[in-house]
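One structure below.
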Amino acid sequence: MSDAIQSIRGFSDILPDETPCWHWVESVFRQELIRYGYQEIRLPVVEKTALFKRAIGEVTDIVEKEMYTFDDRNGDSLTLRPEGTAGCLRAALQQGLLHNAQPRLWYAGPMFRHERPQKGRYRQFHQIGAEAFGLPGPDLDAELIALTRRILINGLGIQNLRLEINNLGNSESRGRYRAALIQYLEQHHDTLDAEAQRRLYTNPLRILDSKNPAVQAIIKDAPDLHDYLDEADGAHFAGLQAHLQAAGVEFVINPRLVRGLDYYGGTVFEWISDNLGAQGTVLAGGRYDALVEMIGGKPTPAIGFAAGVERLVALVTDAGHAPATETPHCTLVIGTPDYAVQATGLAESIRSALPWLRLQLVTGGGSMKAQLRRADRSGAQLALILGEAEVANESVTVKSLRAEQGQVTITQQDLIQDLSERFAQPTDERRLRDGV
Ligand code: ATP
Ligand code: MG
9 MSDAIQSIRG FSDILPDETP CWHWVESVFR QELIRYGYQE IRLPVVEKTA LFKRAIGEVT
69 DIVEKEMYTF DDRNGDSLTL RPEGTAGCLR AALQQGLLHN AQPRLWYAGP MFRHERPQKG
129 RYRQFHQIGA EAFGLPGPDL DAELIALTRR ILINGLGIQN LRLEINNLGN SESRGRYRAA
189 LIQYLEQHHD TLDAEAQRRL YTNPLRILDS KNPAVQAIIK DAPDLHDYLD EADGAHFAGL
249 QAHLQAAGVE FVINPRLVRG LDYYGGTVFE WISDNLGAQG TVLAGGRYDA LVEMIGGKPT
309 PAIGFAAGVE RLVALVTDAG HAPATETPHC TLVIGTPDYA VQATGLAESI RSALPWLRLQ
369 LVTGGGSMKA QLRRADRSGA QLALILGEAE VANESVTVKS LRAEQGQVTI TQQDLIQDLS
429 ERFAQPTDER RLRDGV
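Using the numbering used here, read the sequence shown as starting at 9 and increasing by one per residue.
Structure, rendered in structure tokens:
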């Protein structure tokens, strides 16, 4: 290999044969989010480090060891955003979006975490997320979850997905549970791994989420969070289940489901696939009623989710649902460079007449044979040939590149009609699906 510079580990190029699938996934999210009343917000990729420390929590994996933090030239500590909620909330507060309104916002874009790269886990990855502010009830939680069901199952057609839900309680009931959990885990202190020991007094609920089988075995007999929920928590959780049942959303209750970020309380949920190995969670979310106040606003209930786009793209691609690459419908081939000017004029008039048609100009000289080979490699269905005879009598030769249908020469006037019959204008539905 030469000394050409390579990309950074964990930072991927998304190649042309993958981008149609990305477009499709993004457009399904966008369409459904809009239908449920969410509006898009575009946020900076870099924020002050203090925002993430305060919002995500000092003793989380993200803040302890995953953030890309640096001092800029003024000496201010900045961080590449590791998730979207903190910035979305910061913007909603700063721009006054929370006053006298119950905004519903969504965002999409790259996030950065210094994790160990592996399948489904990257250092730059993409999330699509949504946040709804101002309403405390389980009806909103259920509606948000029904929206994610519509996106993942109805929209993207993903199978073998399971929805897990839990309720982490309010800060008081969670505090009582935390104390009981610490007391239990202290009895097993020596069998815990180093990470669990480190988390024991700072973030013990996170130990429930440990992937280590030895720790898992201890957790099996740990106190049950649900025994510590108070009446209000219980009513909220029962309400959520009733609303989900009414919406026809299937779920399983996982009393050990916690989320990696400090700000969650009350409802939490995850959509998990069995088809992705260890990195099975494709979308996760929950309530964070305390967070707005924590970052300096008036107490405002809130709930949100974030989906991992790489994992979703992998699932729909493996299932064969990814839309085809957008190859040209036809290419325009010229006999000699002398006709380049005519070709440009013809190509532009075709593009004006048929706005959905993908037409590529094969320029750059070479013999007719070489040009046709290039046209073939573009994946186009048809070659439109502009040779000497065609230029002389304002015609064009239409040659099929995919089937043994020979070729016909027609007038340039008839060409538009001919092409519009061969390549039907896509319906709105197909345009959404295939991004054409
Ligand atoms: P995990 O337990 O897999 O580390 P998390 O709890 O850290 O996930 P969240 O912060 O809730 O994840 O992010 C929501 C979603 O974003 C995840 O469910 C996952 O689909 C995706 N995601 C998170 N981290 C990564 C990553 N490093 N690479 C790719 N996708 C990721
Ligand atoms: Mg993580």
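Note that the Cβ used here is the ideal one computed from N, Cα and C, for glycine as well.
Which residues mark the beginning and the end of the alpha helix (DSSP H) in which residue i is found?
| i | result |
| --- | --- |
| residue 297 | Note, residue 297: premise wrong, no alpha helix (DSSP H); not H, not E. |
| residue 376 | 376 to 385 |
| residue 364 | Looking at the DSSP string, residue 364 is not in any alpha helix (DSSP H), and its letter there is neither H nor E. |
| residue 28 | 27 to 43 |
| residue 445 | Only positions 9 to 444 of the chain appear in the structure, and residue 445 is not among them; the question remains open. |
| residue 23 | Taken as a continuous stretch (DSSP letters only), residue 23 belongs to no alpha helix (DSSP H), as it is neither H nor E. |
| residue 275 | Run containing residue 275: none in the alpha helix (DSSP H); it sits in the beta strand (DSSP E), 275 to 281. |
| residue 61 | 57 to 64 |
| residue 12 | Neither: residue 12 is in no alpha helix (DSSP H) and is coded neither H nor E. |
| residue 153 | 146 to 157 |
| residue 95 | 93 to 102 |
| residue 248 | 239 to 254 |
| residue 205 | 202 to 207 |
Can you tell me whether residue i is buried or exposed, with buried defined as 16 or more other CB within 10 angstroms of its CB?
| i | result |
| --- | --- |
| residue 103 | exposed |
| residue 413 | exposed |
| residue 232 | exposed |
| residue 120 | buried |
| residue 90 | buried |
| residue 84 | exposed |
| residue 78 | exposed |
| residue 256 | exposed |
| residue 307 | exposed |
| residue 181 | buried |
| residue 211 | buried |
| residue 295 | buried |
| residue 241 | buried |
| residue 13 | exposed |
| residue 361 | exposed |
| residue 37 | buried |
| residue 420 | buried |
| residue 48 | exposed |
| residue 261 | exposed |
| residue 346 | exposed |
Rounded to the nearest angstrom, what separates residue i and residue j at their Cα positions?
| i | j | result |
| --- | --- | --- |
| residue 62 | residue 335 | 47 Å |
| residue 444 | residue 342 | With a pLDDT of only 47 at residue 444, under the threshold of 50, the placement of this residue in the model should not be trusted, and no figure is reported. |
| residue 236 | residue 245 | 13 Å |
| residue 81 | residue 107 | 35 Å |
| residue 417 | residue 404 | 6 Å |
| residue 196 | residue 275 | 29 Å |
| residue 24 | residue 239 | 53 Å |
| residue 427 | residue 397 | 21 Å |
| residue 67 | residue 142 | 27 Å |
| residue 395 | residue 352 | 14 Å |
| residue 112 | residue 425 | 46 Å |
| residue 213 | residue 88 | 27 Å |
| residue 299 | residue 271 | 6 Å |
| residue 94 | residue 59 | 7 Å |
| residue 69 | residue 330 | 33 Å |
| residue 109 | residue 154 | 23 Å |
| residue 370 | residue 422 | 22 Å |
| residue 170 | residue 115 | 24 Å |
| residue 194 | residue 220 | 17 Å |
| residue 393 | residue 363 | 21 Å |
| residue 147 | residue 338 | 51 Å |
For the beta strand (DSSP E) holding residue i, just list the boundary residues, first then last.
| i | result |
| --- | --- |
| residue 524 | With the chain running from 9 to 444 in the structure shown, residue 524 is simply not present. |
| residue 86 | 85 to 88 |
| residue 179 | Where residue 179 is concerned, there is no enclosing beta strand (DSSP E), although the alpha helix (DSSP H) it sits in stretches over 179 to 194. |
| residue 404 | 403 to 408 |
| residue 311 | 310 to 316 |
Since residue i sits in a beta bridge, which residues does DSSP pair it with?
| i | result |
| --- | --- |
| residue 76 | 88 |
| residue 413 | Looking at the DSSP assignment, residue 413 forms no beta bridge with any residue, so it has no partner. |
| residue 228 | None, per the DSSP bridge assignment. |
| residue 134 | 118 |
| residue 129 | 126 |
| residue 340 | 369 and 392 |
| residue 419 | 403 |
| residue 141 | 310 |
| residue 289 | 280 |
| residue 54 | 88 |
Can we count residue i as close to the ligand MN, meaning its CB is less than 8 Å from some heavy atom?
| i | result |
| --- | --- |
| residue 163 | Among the ligands present in this structure, namely the ligand ATP and the ligand MG, the ligand MN is not found. |
Quiz item: Does the stretch 261 to 276 touch the stretch 157 to 176, meaning 3 or more C-beta pairs lie closer than 8 Å?
Solution: yes
Exercise. Could you tell me whether the stretch 269 to 288 touches the stretch 121 to 129, using the rule of 3 or more Cβ pairs below 8 Å?
Key: yes
Exercise. Determine, using beta-carbon pairs with one atom in the stretch 318 to 332 and one in the stretch 363 to 383, whether at least three such pairs fall under 8 Å.
Key: no
Self-check item: Cβ pair count under 8 Å reaching 3, the stretch 129 to 144 against the stretch 303 to 317
Solution: yes
Self-check item: Cβ pair count under 8 Å reaching 3, the stretch 155 to 169 against the stretch 203 to 215
Solution: no
Quiz prompt | Three CB pairs or more closer than 8 Å across the stretch 181 to 194 and the stretch 245 to 256 | solution = no
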